[in-house]
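To start, the structure under review is shown below, and the notes come after it.
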Amino acid sequence: MMKTKLTVGLLVLALSQGMQTNAQGLLGKLKDKVKSAEGSASKKDQTRADEDAAQNFLDQQSIKKDSYGFGGVYYCSQVIYGENEAGDKVPLKKFLFEFDEKKMELSAKSQYAYQSGNQKIRPLVWGRTSYPLDAVLRISNSFKQPALIERISSEHFYYTNYKPKDYNEHPYERGAAELVSFADADIMQLEPGILLVGNNRYMPLHNRGEQNKTEYDDVKIQNLMLFYTADKKEQAQTYTADDLHAFANQFAQLYAQGFKRFKNDLDKEWAAEMKRLYPNGIPRSGSSSKSSSGSIVVYLNNKSDRPVKLFRNGKYVTTLNPRSKRSESFSSGTLSTDSGWSAELNASMNKQEFVVAQ
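Using our numbering, you'd call the opening residue of the sequence shown number 368 and step up by one each time.
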């Protein structure tokens with residue numbers, strides 16, 4: 368997904384009118400369709416998920432309203448699984464969505480988020496770790512489809528996706544189903560009360576300005592799902608899998624157009640924020656010493672639930688996935704992350720491990 372630094376920009380007339388027209392026109396074509404697929408959950412898991420949906424615990428919780436219209440109790444069109452503290456995958460369908468406008472984070476809580484001990488399932492959270500936190504929302508909301516395309520806490524939730532039927536003979540047909548984590552699952556508001564969720568692989572195609580038939584067919588094996596409020600159930604069930612892919616593709620086109628228009632402002636605002644945070648340059652930890660002319664290998668450990676961006680001498684290098692460890696090789700310089708960690712490399716650090724985020 369998008370790893371380019373994003374920032375705010377002013378809404379251009381072409382976005383506010385042309386994009387809204389395109390998005391609304393697509394919605395108009397989606398109304399008279401048949402029910403979409405339910406995924407591939409077993410009968411036992413489907414029954415357990417239906418029992419979860421029938422519980423009224425979440426309905427009794429206070430619902431925090433927000434300016435984007437995310438907040439509310441939603442049902443998923445397919446069975447998804449939340450992993451509890453004991454490591455068990457629990458079939459689920461019902462969630463309380465809340466949007467924190469200060470953190471710019473959207474959380475989805477099952478009834479098990481309110482339990483303690485081994486039965487607790489932490490919320491599924493979308494958000495953004497780079498400045499400004501609302502950049503993606505501002506671009507997508509400019510054509511009235513607010514979205515979040517980065518995850519804060521997601522790898523303990525799973526949904527059904529599909530392998531290619533046969534890599535040689537039928538690489539673009541759905542084959543065996545498999546459970547995959549929400550680590551690549553974006554969330555887009557189809558309209559208030561209906562959310563489209565899944566790996567929107569149309570995004571990188573349009574970001575590059577390319578979309579050949581092979582890539583398009585490859586994307587279409589992806590499974591997309593809906594979350595909907597009770598009053599939007601009937602409408603949500605009219606959408607087919609093809610409808611959801613048509614919308615995801617249209618969203619990606621509009622977002623790519625918007626990002627191109629905002630890019631210069633985005634880069635300027637990000638640079639200004641870095642200067643405000645580090646007026647004297649990126650802070651260094653420890654004493655400086657002359658580094659070896661050879662390569663310095665370091666092991667970087669991201670223990671947090673958030674992706675962490677790594678910089679060398681202030682320039683972006685890579686992103687460390689949540690709860691991951693990797694080795695990187697450098698000649699010298701100052702390493703830093705957007706989590707606040709920094710270190711000046713020297714020969715004595717060769718093959719050392721650094722925890723860059725907790």
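Heads up, the beta-carbon is just placed ideally off N, CA and C, and yes, glycines get one too.
It should be emphasised that the depicted structure is a prediction, and the values quoted were computed from it without experimental measurement.
| query | Of the choices G449, P458 and F437, whose alpha-carbon is the least far from that of A421? | reply | Nearest C-alpha to A421: P458.
| said: Suppose you measure from the CA of R495 to the CA of S709; what does that come to, to the nearest Å? | reply: 21 Å
| task | Pick out whichever of L633, N647, E720 and V547 has its Cα sitting closest to the Cα of N669. | result | Comparing C-alpha distances from N669 to each of L633, N647, E720 and V547 shows the shortest one belongs to E720.
| In whole angstroms, what is the alpha-carbon distance linking Q617 and Y569? | Approximately 9 Å between the Cα atoms of the pair.
| message | Give me the residue from S497, A453 and R518 with the minimum Cα distance to Q486. | response | A453
| query | In whole angstroms, what separates the C-alpha of D610 from that of Y666? | reply | 45 Å
| Going along the chain, which residues of its own chain have a beta-carbon closer than 8 Å to the beta-carbon of N688, five neighbours each way excluded? | A550, N669 and P674
| task | Please report the residue range of the beta strand (DSSP E) in which L572 lies. | result | L572 -> not in any beta strand (DSSP E); alpha helix (DSSP H) instead, spanning Y569 to N574.
| said: Please classify L504 as buried or exposed, where buried requires at least 16 other C-beta atoms within 10 Å of its C-beta. | reply: buried
| said: According to DSSP, simplified to helix, strand and coil, what is D508? | reply: First, the amino acid is wrong: residue 508 is Asn here, not Asp. Helix.
| request: Consult DSSP for D553 and reduce its assignment to one of helix, strand or coil. | output: strand
| query | In three-state terms, what does DSSP make of Q719? | reply | strand
| request: Label N423 either buried or exposed according to how many other C-beta atoms from any shown protein chain fall within 10 Å of its C-beta, with 16 as the threshold for buried. | output: Of the residues assessed, N423 falls on the exposed side of the cut-off, its CB having fewer than 16 other CB atoms within 10 angstroms.
| field | Check whether Y622 and A514 have beta carbons under 9 Å apart | value | yes
| said: I'd like to check one pair, N451 with Y481: are the Cβ atoms closer than 9 Å? | reply: no
| query | CB K476 to CB F464, shorter than 9 Å? | reply | yes
| query | With burial defined as no fewer than 16 other Cβ atoms inside 10 Å of the residue's Cβ, what is the status of T414: buried or exposed? | reply | exposed
| task | Can you say whether K460 is buried or exposed, counting buried as having 16 or more other CB atoms within 10 angstroms of its CB? | result | So K460 ends up on the buried side.
| Under 9 Å between C-beta atoms of L473 and F510 | no
| Which word fits V722, buried or exposed, when buried means at least 16 other C-beta atoms lie within 10 angstroms of its C-beta? | exposed
| message | Between the alpha carbons of V564 and Y683, how many angstroms are there, rounded? | response | Spanning the two alpha carbons is a distance of roughly 29 Å.
| Limits of the alpha helix (DSSP H) - the one that A416 falls within | K410 to A421
| message | Between the alpha carbons of Y441 and I516, how many angstroms are there, rounded? | response | 19 Å
| request: Ignoring anything shorter than 3 residues or poking outside the region 583 to 613, list the beta strand (DSSP E) runs there in chain order. | output: 592 to 595
| query | If we ignore side chains and look at the alpha-carbon of each, how far apart do V547 and G449 end up? | reply | 12 Å
| query | In this structure, does DSSP put F760 in helix, strand or coil? | reply | Because residue 760 is not part of the residues shown, which for the chain are 368 to 725, the question remains open.
| Is it right to say S671 is buried, meaning 16 or more other beta carbons lie within 10 angstroms of its own, or is it exposed? | buried
| field | Cβ shell of I447 (< 7 Å), same chain only, five flanking positions each side left out | value | If we look at I447 and ignore the five residues flanking it on each side, its Cβ neighbours are L459, F524, Y525 and Y526.
| Which whole-angstrom value describes the C-beta separation of L591 and A615, a residue pair presumed to lie in contact below a C-beta threshold of 8 Å? | Going by Cβ atoms, the distance from L591 to A615 rounds to 6 Å, so yes, they are a contact pair.
| Through-space distance from L562 to L593, alpha-carbon basis | 6 Å
| message | Am I right that N528 and Y435 are in contact with their C-beta atoms under 8 Å? What's the rounded C-beta distance? | response | Not a contact, Cβ separation roughly 27 Å.
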